[in-house]
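Numbering of the sequence shown is given in the numbering used here, commencing with residue 879 and proceeding in unit increments.
Just so you know, even glycine gets a beta-carbon here, dropped at the ideal spot from N, CA and C.
A short worksheet on the structure shown next.
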Amino acid sequence: MGKIKSLEELMKIKENTLKNVKMREEGKRGRIIVAMGTCGIAAGAKDTLKAIVETLSELNIDDISVVQSGCMGLCEVEPTIKVELDGEIPVIYGHVTPENAKRIIKSHIVAGEQVGELIVKRGE
């Protein structure tokens, strides 16, 4: 791909990208967003991400997408993840070690029970 020469061309690229993302997430009941900013990575977010993907796979859960984001602005409680399930208020969890990631999936995703002591923020 060469240089983008117009705003129109840029908008078309954006539209196609959003379509592709939507196609990947159709049929899913929710998603887990893992903050992968510099602070998150330094705190262990890569291991957290790996644990989330492995645990979802082990439990044969395929209706949850896993997405990476930049910093959520909660550096003091990294690694952080946001759980968004259809029909529920999003929840941001902090101090999500690989062990805590497994707990969150088994409690929140599977059993529908939030892990209260790890919740940093609700909503948004």
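Check, Outcome
"For R981, the first and last residue of its enclosing alpha helix (DSSP H)", "976-982"
"C-alpha distance - G951 paired with V912, whole-angstrom precision", "13 Å"
"Spatial neighbours of L963 in its chain, beta-carbon cut-off 7 Å, leaving aside the 5 residues before and after", "R907, G908"
"Inside the stretch 916-956 only - alpha helix (DSSP H) runs reaching at least 4 residues", "916-921, 923-936"
"Given G972 as reference, the closest of G965, R981, S943 once Cα atoms are compared", "R981"
"Helix, strand or coil at A966 according to DSSP, with G and I counted as helix", "Inspection of the sequence shows that residue 966 is occupied by Glu rather than by Ala. Reduced to three states, the DSSP call for E966 is coil."
"For A929 and E977, the rounded distance between their alpha carbons", "8 Å"
"Endpoints, the beta strand (DSSP E) within which A913 is located", "908-913"
"Neighbourhood of K999 by C-beta, 7 Å cutoff - its chain only, sequence neighbours within 5 removed", "I970"
"CB of G948 within 7 Å of CB of G922, strictly", "no"
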